[in-house]
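Number of protein chains: 2
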Amino acid sequence: MRWSQAFIPTLRDDPADSEAVSHKLLVRGGYVRQLMSGIYSMLPLGQRVRDKVMAIIREEMNAINGQEFLLPNLHPREIWDRTGRTVSFAEVLMTFDDNKGSPVVLSPTHEEIFATVAGELTSYKQLPQMWYHIQTKFRDEPRPKSGLLRVREFTMKDSYSFDIDEAGLDVQFDNHRNAYLRIFERLGITAVPVAASSGAMGGKESVEFMMQSDIGEDSVVHCANCGYAANREKATSAIPDVDDPPESGALEVFDTPGVRTIADLEVFEGGAVADRQIKTLVYVLDGEFALLLLRGDHALEEQKVQDGTGASEVRPAHEEEIRALLGADAGSLGAVGVDGIPVYADHALSGRSSMTTGANENDKHIRNVDVARDIAVTKWLDLRSVEDGEGCPNCGEPLNLFKAIEVGHIFKLGTFYAEPLGVNVLDEHGKTVPIVMGSYGIGVERNMAASIEANHDDKGIVWPLEIAPFAVVITVIRPDDAATMDTAEALYANLWGRGVEVLLDDRDERPGVKFNDAELIGIPYRVTVGPRGIAEGMCEVVDRRTGESTEIAIDSAADEIAGLLGV
Amino acid sequence: MRWSQAFIPTLRDDPADSEAVSHKLLVRGGYVRQLMSGIYSMLPLGQRVRDKVMAIIREEMNAINGQEFLLPNLHPREIWDRTGRTVSFAEVLMTFDDNKGSPVVLSPTHEEIFATVAGELTSYKQLPQMWYHIQTKFRDEPRPKSGLLRVREFTMKDSYSFDIDEAGLDVQFDNHRNAYLRIFERLGITAVPVAASSGAMGGKESVEFMMQSDIGEDSVVHCANCGYAANREKATSAIPDVDDPPESGALEVFDTPGVRTIADLEVFEGGAVADRQIKTLVYVLDGEFALLLLRGDHALEEQKVQDGTGASEVRPAHEEEIRALLGADAGSLGAVGVDGIPVYADHALSGRSSMTTGANENDKHIRNVDVARDIAVTKWLDLRSVEDGEGCPNCGEPLNLFKAIEVGHIFKLGTFYAEPLGVNVLDEHGKTVPIVMGSYGIGVERNMAASIEANHDDKGIVWPLEIAPFAVVITVIRPDDAATMDTAEALYANLWGRGVEVLLDDRDERPGVKFNDAELIGIPYRVTVGPRGIAEGMCEVVDRRTGESTEIAIDSAADEIAGLLGV
């Protein structure tokens, strides 16, 4: 491709509101343009990279016996109702009635529809199956951000495994885990598999692939000693016990004027240190109130509420709701004597005594609370958010907490979909059993962006060779000089003839502009052809990653470059 | 791929309500499944063919300097409002408000958005550009039918050309015309370019590519003598003049009890032959009434109303509307003396006299109508539907009328989009001018189906080699026989090693079932490997298209098959 004829609209300035480097570089490099919030157009360079990312994914999926499908984006909403996901996906689901008035869902994922297709399977003899497609997904994210990292319309490779039993699922899950690690390696991404919440996907076990990054929206807990790794939404930790007095005295309500927070109560005379307080939160779980209890110095991990209670919709209660329910404001709430509202308590409160909590009356607290004696706990749960430096739940060594971008997510779904949708086969004993499913997702454009987050410098993108839009850019100094252009054209044709993708920068621009653009868009090798070099029979090859420059003979340039590229 | 492990759910029975052969064979061959009305899933075989069709299209687009993009499916409705297409595409447009309440359009095509991206072009020096993508389209067809031929969600390659002037557009239009003809040839489709209406696409000239087929929804008029070809929506013809008496007498209202139709009036005593009657139709054009006049023996071509008047929404008036407007029912309508309603008359009525028409009073007609004297024609238009056997408008020879499937459509858009969207560049004189656009569309799945309509026999599909899901199927007779399986496996591995796509039918099924399935799914070459042949060192190769069978030596089988395939 000749740059002079191509649409590569590079820009000098960063886009407005860009936080992520990948966002800035994709826009400045002429790879993408935003059409509206969270909706992007891929320009030619972007599409070239996207295509290469998809090719890698496809190759790795085929290598684990994947069969490629293409399932549609418009689904009958009725199928989503049957699995309950019109509710659990409600926040991001786009749904409307078609022109005949039938409710349709614009697919955010395809578990239901792949399961429906699998309804044609009849016998264990047809299993295992591994099916995938690379298809658009629509998710109406409330806060799209960071360019391609969080959008509302994107391409995902999603695969689905179908097995007769859990053992089969385990094999397919491992196959995917390994295939995903190969994909990330090829994309120049270092990703760690971590235990994760399955969220709205259902099922019981899931693994996310996390790339460490300060602009990531996830938090990961990792133990450098034993390798334990989990999304903070799911992570646990070992924390020291708090010594309580052997027995609580009698409950005692006392005045706490002006005390509104855990910290207030710590410094209040007659108050209590944070780890001897009970924090009481009021939440609405699928429309019903519930109290969530934590140790005063612990923070709630909201996803754990969902996972622990099975609720689809989880939100903090509003001020007025709290007042109407408990007769007091946040800051003076407690679960002592509360009846008729489910109370979920974090394990760290188990067995605790002589605690202090709100009295459900403004400016009053209660001391001497013995949790077992005074609070009717409906269910003990893990609700606590793990903090940096806490002990690893496996080996006790200090945990590391870091921000990360989720670049892939794989799920053991079990029979979560097969049961409501009636996807059964006959097993070897002739018994009807639900198919055991897994699902596995990797976002194409998000991984493009993640690769840039991991592969850039202050001049621009530094693409891994395998996904670069072009392997080589020939930068012509003085394209108006016929001999120079002839030399450049000959090299261009020679390299294309060997299957090397080359961009010919034949623009009528100053060399500095061309060098900067080549670095910005991140082509792995730049070959500079100019009258001065030609006079000496030489051209220059610059490695984008190392910046290393080599003079090579023009006569052998094509051979040498092909050698560098391994073709 | 091994058939025993693949998902190729062939069926014995045709799907319900299938009219098109391609629909039957795609479903029976395990290529597609319907999810809901007009919405299909591509199963693995279908996706393989789809992928090959896209590869051909991509190759031909790149060969005419196409740059591949990927533009999104969710568009701000505001952009569609600016070009007026929320109205002109209303019938099939899917549109809804996102979760923030912003109106979005689910794209049925991408003229607006490509034009928006082209807004970054600033100078004639950057032109020409040719941009395309292969992207999902959503059109809420009121009557999806015939399997993949008319659906509500499909993949289309749509390209867009951008030029400084009409001359540039003409070049790009010709490039596309030729590229499309190459694509159809590679898909095994015989397609004729015909003049067509631009409909809701805007612009002034368009060419459709039509494949003759009885299940087609379009009608094409073709002159075998001079090559004139047009969609019936747009076609004209030469018809003999009707001799009228030199002058009309005075208008005369007469009773016509029970006369409701043109045919009634022909046989009514004192009536008139059809070609001396005026047919009066009441239509609603963008919400306003209009009268359409045709010769009694001519039929209305509704698309011509739209094209001739510029109206976006065109429908016949309801019975009650007609009665309220003219005071009479259909069958007694006429335009004589009508005032305040636009009257559009077909050219065939021009200069006619002594005609008969309805009197706008039930059971009464008027004779001696001189069109020029008695009817206030607002505009003369071509409204008439061409009939088989009428004269070619170019050479006068009899025209041929046939049913056809539209397999591609290309449009000269001019500045239809650039003007409302403000897509301008500076020309060589430094003057701001709107970019001249073309758009070019080819449906991927529709062309898959069209290829089957053109390439099948009573046993199943007969794929052209280039788009067959596999080039070769190795049918193993007695896969339980180790020596047979070893021989088949060796051939399978050998052919894959040469890049030949092979399906290995290792299923535990009777040979007849396997032969039938291989023919049904349409693999170009079947190689039969069985114990009897192996004993003689031979296997059988059958050509799907000709049915010709050849015995070849197993030792040289891979070479010979590769030779047949030209690899």
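Note that the protein sequences, when read in sequence, are chains V and L. Per the working numbering, the first sequence starts with residue 1056, numbered consecutively. Per the working numbering, the second sequence starts with residue 1056, numbered consecutively. Glycine residues also receive a C-beta, built at the ideal position from the N, C-alpha and C atoms. As the structure is a computational prediction, the values presented were derived from the model and not from experiment.
- Judged by their CB atoms, L:Ala1250 and L:Phe1239 are not nearer to each other than the 8 Å cut-off.
- For L:Leu1476, no chain V residue has a C-beta closer than 8 Å to its own C-beta; the minimum C-beta separation is roughly 13 Å.
- In the three-state reduction of the DSSP assignment, V:Gly1493 falls in the strand class.
- With respect to chain L, the C-beta atom of V:Trp1518 has no partner C-beta closer than 8 Å.
- From the listed residues V:Val1108, V:Ser1143 and V:Gly1093, the smallest Cα separation to L:Lys1155 is found for V:Gly1093.
- Under a criterion of Cβ atoms nearer than 9 Å, the residues of chain V adjacent to L:Leu1090 are, in order, Leu1126, Pro1127, Leu1129, His1130, Pro1131, Ile1134, Ile1168, Thr1171 and Val1172.
- Bounds of the beta strand (DSSP E) holding V:Met1593 are Met1593 to Asp1598.
- In the three-state reduction of the DSSP assignment, L:Asn1128 falls in the coil class.
- Remark: fewer than three beta-carbon pairs, one from each stretch, lie closer than 8 Å, so the stretch 1101 to 1119 of chain L and the stretch 1057 to 1077 of chain V are not flagged as touching.
- At least one CB of chain L lies nearer than 8 Å to the CB of V:Met1097.
- Look at L:Ile1497: its C-beta is not under 8 Å from any C-beta on chain V.
- Put simply, the CB of V:Pro1248 is far from chain L, with every gap to its CB atoms at 8 Å or more.
- By the neighbour-count definition (other C-beta atoms within 10 Å, threshold 16), L:Val1206 is a buried residue.
- Annotation: Cβ neighbours of V:Pro1197 in chain L (cutoff 9 Å, chain order): Asn1154 and Lys1155.
- Note that the C-beta distance between L:Gly1363 and L:Leu1436 is below 8 Å.
- Below 8 Å, too few C-beta pairs join the stretch 1537 to 1554 of chain V and the stretch 1494 to 1508 of chain V to call them touching: fewer than three.
- Taking 8 Å as the Cβ-Cβ cut-off, the stretch 1543 to 1577 of chain L has no residue approaching chain V.
- For L:Ile1396 and L:Gly1342, the gap between their C-alpha atoms comes out near 12 Å.
- Within the stretch 1104 to 1120 of chain V, contact with chain L at the beta-carbon level (separation under 8 Å) is assigned to Arg1105, Asp1106 and Asn1120.
- For L:Ile1490, the closest of L:Tyr1472, L:Gly1498, L:Arg1501 and L:Gly1496 by C-alpha to C-alpha distance is L:Tyr1472.
- Only exposed fits V:Arg1428, as fewer than 16 other CB atoms lie within 10 angstroms of its CB.
- Contact of L:Phe1062 with chain V by beta-carbon distance below 9 Å involves Gln1122, Phe1124, Val1172, Ala1173, Glu1175, Leu1176, Gln1181, Gln1184 and Trp1186.
- Looking from the CA of L:Lys1514, the closest CA among L:Trp1058, L:Asn1417 and L:Leu1066 belongs to L:Leu1066.
- L:Ser1252 is not a Cβ neighbour of L:Asn1423, given a cutoff of 8 Å.
- Listed in chain order, the non-local C-beta contacts of V:Phe1193 below 8 Å within the same chain comprise Asn1128, Met1149, Leu1161, Ser1162, Pro1163, Arg1207 and Glu1208, local neighbours out to five positions each way being set aside.
- Residue contact with chain V for L:Arg1287: absent (no Cβ-Cβ distance below 8 Å to any residue of chain V).
- Take V:Pro1534, set aside five residues on each side of it, and the residues of its chain with a beta-carbon closer than 6 Å to its own are Met1540 and Asp1561, in chain order.
- Secondary structure at L:Met1540: helix, using DSSP grouped into helix, strand and coil.
- L:Phe1151 has a beta carbon lying within less than 8 Å of a beta carbon in chain V.
- L:Ala1385 places its beta carbon 8 Å or farther from that of L:Asn1415.
- Pairwise C-beta distances place the stretch 1368 to 1375 of chain L out of contact with the stretch 1263 to 1280 of chain L, as fewer than three of them are shorter than 8 Å.
- Within the DSSP bridge table, the entry for V:Thr1335 names V:Leu1348 as partners.
- The beta carbons of L:Lys1212 and L:Glu1521 sit about 16 Å from each other, so the pair does not count as a contact at 8 Å.
- Restricting attention to alpha helix (DSSP H) runs no shorter than 4 residues, the stretch 1195 to 1236 of chain V encloses none.
- The alpha-carbon separation between L:Lys1334 and L:Ala1293 amounts to approximately 20 Å.
- Assigned with DSSP and collapsed to three states, V:Lys1514 falls in coil, not helix or strand.
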